[in-house]
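These notes are about the structure you will find just below.
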Amino acid sequence: MKKRAVIALGGNALGNTLPEQMIAVKGTSKVIVDLVEAGYDVVVTHGNGPQVGMINNAMAALSRENPKQPNTPLSVCVAMSQAYIGYDLQNAIREELLNRNIKDLAVSTMVTQVRVDEEDPAFQHPTKPIGHFMTEEEAKYAEEHYDYKCVEDSGRGWRRVVASPAPVEIVELEAIKQLVGKQLVICCGGGGIPVVHNGNHLTGASAVIDKDWTSSLLASEIDADVFIILTAIEKVAVNFGKPNQQWLDDITVEEARQYAAEGQFAAGSMLPKVDAAIKFAESKKGRTAIITLLEKAREGIEGKTGTRIHL
Numbered sequence: 032m033k034k035r036a037v038i039a040l041g042g043n044a045l046g047n048t049l050p051e052q053m054i055a056v057k058g059t060s061k062v063i064v065d066l067v068e069a070g071y072d073v074v075v076t077h078g079n080g081p082q083v084g085m086i087n088n089a090m091a092a093l094s095r096e097n098p099k100q101p102n103t104p105l106s107v108c109v110a111m112s113q114a115y116i117g118y119d120l121q122n123a124i125r126e127e128l129l130n131r132n133i134k135d136l137a138v139s140t141m142v143t144q145v146r147v148d149e150e151d152p153a154f155q156h157p158t159k160p161i162g163h164f165m166t167e168e169e170a171k172y173a174e175e176h177y178d179y180k181c182v183e184d185s186g187r188g189w190r191r192v193v194a195s196p197a198p199v200e201i202v203e204l205e206a207i208k209q210l211v212g213k214q215l216v217i218c219c220g221g222g223g224i225p226v227v228h229n230g231n232h233l234t235g236a237s238a239v240i241d242k243d244w245t246s247s248l249l250a251s252e253i254d255a256d257v258f259i260i261l262t263a264i265e266k267v268a269v270n271f272g273k274p275n276q277q278w279l280d281d282i283t284v285e286e287a288r289q290y291a292a293e294g295q296f297a298a299g300s301m302l303p304k305v306d307a308a309i310k311f312a313e314s315k316k317g318r319t320a321i322i323t324l325l326e327k328a329r330e331g332i333e334g335k336t337g338t339r340i341h342l
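Each residue of the sequence shown is one higher than the last, beginning at 32 in this note's numbering.
Structure follows, in structure tokens:
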């Protein structure tokens with residue numbers, strides 16, 4: 032039986048605009064197919080920060096121009112971003128597979144909902160800024176008419192903030208499980224479309240789920256052997272930027288947790304990645320989480336670079 036790898040793509044794998052994305056996914060697809068050639072069943076997840084922001088801004092502009100056009104919920108914007116990022120990714124991966132004469136592996140995108148707990152404390156303290164900058168007057172209008180929560184952002188204007196709750200359940204998990212090993216699956220984009228239960232009905236939530244947290248949950252649930260977080264650095268460091276800076280190669284879950292407790296990782300960038308890696312690595316003996324550069328994915332999975340976290 033083949034080993035399984037979940038690859039979480041960072042923003043550098045996708046670019047910030049439509050033209051950038053078309054170029055970026057060509058390089059990204061080579062990295063993904065490298066792992067296919069290395070003998071892994073691969074599942075791909077990805078972020079959507081610039082993309083969902085662009086969609087949100089466009090839909091908000093439409094609402095301002097046409098008062099009869101209702102504002103588009105954030106959950107719908109996430110769904111839109113999953114589909115259009117998946118479209119570019121799956122076409123680029125398919126092309127790269129065929130270029131390497133791999134003709135028996137289909138590629139598909141699963142539009143994925145992720146359930147969150149509506150009682151999650153994050154909903155009481157939304158902190159994740161999204162969308163365009165506004166004047167104070169525009170922010171007040173948005174709060175009154177769209178039920179937004181807006182805050183002043185470092186003297187640059189006002190922005191909407193939303194909650195970032197923890198993922199509880201991947202709604203389409205069973206469908207994803209049925210595809211793994213038969214297809215290369217792209218799923219859980221942007222951390223998933225945030226939804227809450229309302230009886231048998233799922234209602235979209237105004238939230239952004241951390242994509243590394245969702246990817247870690249997915250990797251555990253599909254019994255992956257390796258969870259790879261691809262980001263803008265080759266290895267994680269402690270005492271970052273100081274004379275005694277140290278790059279981390281191979282560390283245990285206990286060591287990683289200790290470094291996190293010491294405040295070694297920035298809350299808005301590396302800490303959630305390390306937390307997600309810890310959660311996967313501690314979920315079952317033999318599982319390894321790797322944090323490394325996009326271009327170094329294959330070397331990371333071969334143990335030649337990156338930060339590896341395990342029990």
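Backbone N, C-alpha and C define an ideal beta-carbon position, used for all residues, glycine too. Since the structure is predicted, the reported quantities are computational estimates derived from the model, not experimental observations.
message: Relative to the C-alpha of Glu167, which candidate in Tyr179, Pro157, Gln155, Glu183 has its C-alpha closest?
response: What you label residue 167 is simply residue 136 of the sequence shown in a count that begins at 1. Nearest of Tyr179, Pro157, Gln155, Glu183 to Glu167, Cα basis: Glu183.
Margin query: Check for me: the alpha helix (DSSP H) holding Gln214 runs from which residue to which?
Written below: Counting from 1 along the sequence shown, the entry for residue 214 is found at position 183. It is not in any alpha helix (DSSP H) - Gln214 instead sits in the beta strand (DSSP E) that spans 214 to 218.
Q) Could you give the uninterrupted runs of the alpha helix (DSSP H) lying entirely in the region 78 to 156, keeping only those of 4 residues or more? A) 80 to 96, 105 to 130
Task: Limits of the beta strand (DSSP E) - the one that Arg190 falls within - done: Position 159 of the sequence shown holds residue 190. Its beta strand (DSSP E) spans residues 189 to 193.
*So is Ile124 in contact with chain B if we call contact Cβ pairs under 7 Å?*
Given the protein chain composition of this structure (a single chain), no chain B is represented.
**OP:** Name, in chain order, the residues that DSSP records as bridge partners for His341.
**Re:** Sequence index remark: in the sequence shown, residue 341 carries index 310 (1-based). In the DSSP output, where bridge partners are listed per residue, His341 has Thr283.
Report task. Compute the Euclidean distance between the alpha carbons of Gln82 and Leu248, then round it to the nearest angstrom. Result -> Locating residue 82 in the sequence shown gives position 51, where the first residue counts as 1. Locating residue 248 in the sequence shown gives position 217, where the first residue counts as 1. For Gln82 and Leu248, the distance between alpha carbons rounds to 23 Å.
Next item on the list: Please confirm whether Val226 and Leu215 have their CB atoms less than 7 Å apart.
Entry: The residue labelled residue 226 in the question sits at position 195 within the sequence shown. The residue labelled residue 215 in the question sits at position 184 within the sequence shown. No, these two residues do not count as a Cβ contact at 7 Å.
Problem set entry | Neighbourhood of Thr338 by C-beta distance below 6 Å, restricted to the same chain and skipping five residues each side | Taking the sequence shown and counting its residues from 1, one reaches residue 338 at position 307. Excluding residues within five positions, the ones whose Cβ falls inside 6 Å are Lys266, Val267, Leu279, Ile322.
Exercise for review: Output the residue ranges of the beta strand (DSSP E) runs that lie fully inside the region 243 to 304 and measure 3 residues or longer, sorted by chain position.
Suggested key: The qualifying runs are 257 to 262, 281 to 283.
- Message: With three or more C-beta pairs closer than 8 Å as the rule, is the region 148 to 160 touching the region 184 to 204?
- Response: yes
Q: Using beta-carbon positions only, say whether Ile259 and Ile38 come within less than 7 Å of one another.
A: On the sequence shown, residue 259 is found 228 positions in, with the first residue counted as 1. On the sequence shown, residue 38 is found 7 positions in, with the first residue counted as 1. The answer is yes: Cβ separation under 7 Å.
When DSSP builds the beta bridges, which residues end up paired with Glu200? Mapped onto the sequence shown, residue 200 falls at position 169. According to DSSP, Glu200 bridges with Arg146.
How do the region 128 to 135 and the region 200 to 213 stand: do at least 3 beta-carbon pairs fall below 8 Å, yes or no? no
Practice item. Check whether the region 49 to 65 touches the region 112 to 131, taking contact to mean three or more Cβ pairs, one atom from each stretch, closer than 8 Å. Key: yes
Worksheet item: The beta strand (DSSP E) spanning Met165 covers which residue range?
Response: Counted from its first residue, the sequence shown places residue 165 at position 134. That run of the beta strand (DSSP E) goes 159 to 165.
- Endpoints, beta strand (DSSP E) assigned at Thr336: For this step, residue 336 is matched to residue 305 along the sequence shown. Element bounds for Thr336: n/a, residue is neither H nor E.
Worksheet item: Per DSSP, which one or two residues make a beta bridge with Tyr172?
Response: For the purposes of this step, residue 172 is taken as residue 141 along the sequence shown, with counting starting at 1. DSSP, once it has assigned bridges, lists no residue as partnering Tyr172.
> Considering only C-alpha positions, which residue in the set Phe154, Pro157, Leu120 is nearest to Ser139?
Replying inline: On the sequence shown, residue 139 is found 108 positions in, with the first residue counted as 1. The shortest C-alpha separation from Ser139 is found at Leu120.
DSSP three-state assignment for Lys315, whether helix, strand or coil:
Stepping through the sequence shown from its first residue, residue 315 is reached at position 284. Here Lys315 carries a coil assignment [DSSP, helix/strand/coil].
Taking the beta carbon of Asp178 as the centre, do at least 16 other beta carbons fall within 10 Å, making it buried, or is it exposed? As a first step, residue 178 is located in the sequence shown; it is residue number 147 there, counting from the start. That one is exposed.
Practice task
Express the C-alpha separation of Ala328 and Leu302 in angstroms, rounding to a whole number.
Solution key: Residue 302 sits at position 271 when you count from the first residue of the sequence shown. Residue 328 sits at position 297 when you count from the first residue of the sequence shown. Cα-Cα distance, rounded: 20 Å.
For Ala44, is the classification buried or exposed, using 16 other Cβ atoms within 10 angstroms of its Cβ as the cut-off for buried? For this step, residue 44 is matched to residue 13 along the sequence shown. Result: buried.
- Message: Please report the straight-line C-alpha distance between Gln113 and Ala36, rounded to a whole angstrom.
- Response: To locate residue 113, count along the sequence shown from 1; it is residue 82. To locate residue 36, count along the sequence shown from 1; it is residue 5. If you take the alpha carbons of Gln113 and Ala36, they lie about 20 Å apart.
Under the three-state DSSP convention, the category Leu233 falls into: Taking the first residue of the sequence shown as position 1, residue 233 is located at position 202. Here Leu233 sits in strand by DSSP.
Could you spell out the range, first to last residue, of the alpha helix (DSSP H) harbouring Leu66? On the sequence shown, residue 66 is found 35 positions in, with the first residue counted as 1. That run of the alpha helix (DSSP H) goes 49 to 68.
Q.
With H, G and I counted as helix, E and B as strand and the rest as coil, what does DSSP make of Asp72?
A. Stepping through the sequence shown from its first residue, residue 72 is reached at position 41. Asp72 falls in the strand class under three-state DSSP.
Using 8 Å as the Cβ pair cut-off and three pairs as the minimum, do the region 199 to 208 and the region 234 to 253 touch? yes
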